[in-house]
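Enquirer: Taking the working numbering, I'd label the letters of the sequence shown as residues 187 to 471. Glycine included, C-beta positions come from ideal geometry on N, C-alpha and C. The structure is given below, and queries will be raised subsequently.
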Amino acid sequence: MVGRAVRRHCESSGDFVIAYDRQSLDVSDPDLVMQTILANKPEAIINCAACTDVDGCELDHERAYAANRDGPENLAKASEAVNATLVTISTDYVFDGKKAGFYTQEDTPNPVSVYGRSKLEGELRAQAAHPSATIVVRSGFIFGKGGTNFLSTVVERARRREKLKAISDSFGTPTYAWDLGVRLRELSQLKHAGIFHVVNAGDGTSYEEFARAALDAGGLAGASLESVEMDSLHRPAPRPRNSRLKCLTTPAIGLPPLPFWKDSLVDFVTLGESWGVKSEAGANG
Ligand SMILES: NC(=O)c1ccc[n+]([C@@H]2O[C@H](COP(=O)([O-])OP(=O)(O)OC[C@H]3O[C@@H](n4cnc5c(N)ncnc54)[C@H](OP(=O)(O)O)[C@@H]3O)[C@@H](O)[C@H]2O)c1
């Protein structure tokens, strides 16, 4: 989901982009990663690859750590070899969710799942391998074109008249994959190594409130949506109850907040098969 948005945005900004999927570049293979990067000598690498199936990670640790820990480390070593900037995406799930307010870079990660632990290890290994030019971007509650998660598919599923359940007691800061992609490119150009929290503006929301806003935007306010509590789902992986993020460093480097999440959600729902935001969709179809 995020990789496609990044590719589209960078290409439409005039960058020469080489994009890979898992079949063409397995980021857990150190030799292949090094060879590929040495052959292409990119100025910047934006790593959107990850094992994102949170419950799947709980059941298959090896796959989780290969993609989420070894992947960023391999890419950081290869970035160092060609003096490239590495932007690697991490997650709000590095936090345990016990804090009442927003998590900032000053909060200590304490992941509660294999997914969260593997992503945190990826952050640390990448930073250790290429400290001067690794940019870690933590995000969360990401929705967008091509996404298969609840947030990305709720409207489509309501249109198919599926019965929907949404969690009312788990909170995050929604992030439109398109807006994230724009910010990832900006960060790769500014080259400030460190950890950034990148989410849309606003106070955050629950899955249920997000789903109701998405259904409203899609003209489906009457669709059936059952409110459920997180624990009632009995999923294999524990999740943080609150993983809302705020960034302490973005204003200091002159970057404005991303759009308010409800505005980006309206763009996502109303643009259908087009990309990104209205101006981009108009310019590029
Ligand atoms: N979605 C969210 O709400 C969310 C929240 C916080 C952070 N993030 C982070 O945001 C980033 C982008 O996530 P997304 O939502 O765009 O996920 P996505 O749609 O699942 O995309 C991840 C991609 O990585 C690929 N991949 C998996 N293992 C790989 C490997 N070893 N080598 C190369 N590619 C591999 C997957 O391929 P296959 O599909 O073939 O396995 C998939 O194409 C990830 O770092 C994720 O952890 C996501």
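Specify the secondary structure class of Leu-337 as computed by DSSP and reduced to three states.
Expert: In the structure shown, Leu-337 sits in a helix (DSSP, three-state: H, G or I).
Enquirer: Just the Cα atoms here: how many angstroms apart are Leu-272 and Arg-427?
Expert: Their Cα atoms are separated by approximately 30 angstroms.
Enquirer: In chain order, what residues of the same chain lie with their CB nearer than 6 angstroms to the CB of Val-300, ignoring the 5 residues before and after it?
Expert: Here the set comprises Cys-243, Glu-244, His-247, Ala-250.
Enquirer: Identify the continuous alpha helix (DSSP H) that holds Thr-456 and give its terminal residues.
Expert: Run containing Thr-456: 447-457, per the alpha helix (DSSP H) assignment.
Enquirer: Evaluate contact between the region 287-307 and the region 333-351, counting only Cβ atoms and requiring at least three cross-stretch pairs below 8 angstroms.
Expert: At 8 angstroms Cβ cutoff, the stretches do not touch.
Enquirer: Among residues of its own chain, excluding the 5 on either side of Thr-435, which ones have a beta-carbon nearer than 7 angstroms to its beta-carbon?
Expert: Contacts found: Gln-291, Gly-380, Phe-382.
Enquirer: Over the uninterrupted beta strand (DSSP E) stretch that includes Gly-283, give me the two end residues.
Expert: Per DSSP, Gly-283 belongs to no beta strand (DSSP E) and is neither H nor E.
Enquirer: By Cβ distance below 8 angstroms, which residues in the same chain neighbour Gly-388 in space, the five residues on each side in sequence not counted?
Expert: Cβ neighbours of Gly-388 beyond the five flanking positions: Thr-359, Pro-360, Phe-446, Trp-447, Lys-448.
Enquirer: Tell me whether Asp-212 counts as near ligand 1, meaning its Cβ is closer than 6 angstroms to at least one heavy atom of that ligand.
Expert: It does: the Cβ of Asp-212 is within 6 angstroms (strictly closer) of some heavy atom of ligand 1.
Enquirer: Which whole-angstrom value describes the C-beta separation of Leu-444 and Arg-369, a residue pair presumed to lie in contact below a C-beta threshold of 8 angstroms?
Expert: Indeed they touch by this definition, with Cβ atoms about 6 angstroms apart.
Enquirer: On the DSSP bridge list, what partners appear for Ser-392?
Expert: Looking at the DSSP assignment, Ser-392 forms a beta bridge with Phe-357.
Enquirer: Establish whether the CB of Ala-315 and some CB of chain C are separated by less than 7 angstroms.
Expert: Absence of chain C from the displayed structure is noted, only one protein chain being present.
Enquirer: Using 7 angstroms as the threshold, is the C-beta distance between Tyr-362 and Phe-454 below it?
Expert: Yes, the pair counts as a contact, with Cβ atoms nearer than the cut-off.
Enquirer: In the DSSP output, what is Gly-308 paired with across the bridge?
Expert: BP columns for Gly-308 are empty, so no partner.
Enquirer: Could you tell me which uninterrupted beta strand (DSSP E) segments, each at least 3 residues in length, are contained entirely in the region 368-412, listed from first to last along the chain?
Expert: For the region 368-412, whole beta strand (DSSP E) runs of length 3 or above, ordered along the chain, are 380-383.
Enquirer: Flag Arg-208 as yes when its Cβ comes closer than 6 angstroms to any non-hydrogen atom of ligand 1, and as no otherwise.
Expert: It does: the Cβ of Arg-208 is within 6 angstroms (strictly closer) of some heavy atom of ligand 1.
Enquirer: Is it true that the CB of Ser-318 sits closer than 7 angstroms to the CB of Ser-354?
Expert: In this structure, Ser-318 does not lie closer than 7 angstroms to Ser-354 by Cβ.
Enquirer: Report back the beta-carbon spacing between Arg-208 and Ala-235 to the nearest angstrom; my notes put them in contact at under 8 angstroms.
Expert: Rounded, the Cβ-Cβ distance is 7 angstroms, consistent with contact.
Enquirer: When every heavy atom of ligand 1 is checked, does at least one fall within less than 6 angstroms of the C-beta of Val-219?
Expert: Not under cutoff, so the answer is no.
Enquirer: Leaving out five residues before and five after Leu-376 in sequence, what residues of the same chain have Cβ atoms less than 7 angstroms from its Cβ?
Expert: Contacts found: Ile-439.
Enquirer: Using the Cβ count rule (16 or more neighbours within 10 Å means buried), how would you classify His-420?
Expert: Exposed, by the Cβ-count rule.
Enquirer: Excluding the 5 residues flanking Asn-470 on each side, which residues of the same chain have their C-beta closer than 6 angstroms to its C-beta?
Expert: Note that Asn-470 scores a pLDDT of 41, beneath 50, so its modelled location is shaky; the value from the coordinates is reported in the next line. Cβ within range, chain order: Ser-198.
Enquirer: Going by the C-beta, is Asn-226 closer than 6 angstroms to any heavy atom of ligand 1?
Expert: It does not: the Cβ of Asn-226 is nowhere closer than 6 angstroms to a heavy atom of ligand 1.
Enquirer: Is any heavy atom in ligand 3 found nearer than 6 angstroms to the beta carbon of Ala-253?
Expert: With respect to ligand 3, the structure shown offers nothing to examine, as its ligands consist of ligand 1.
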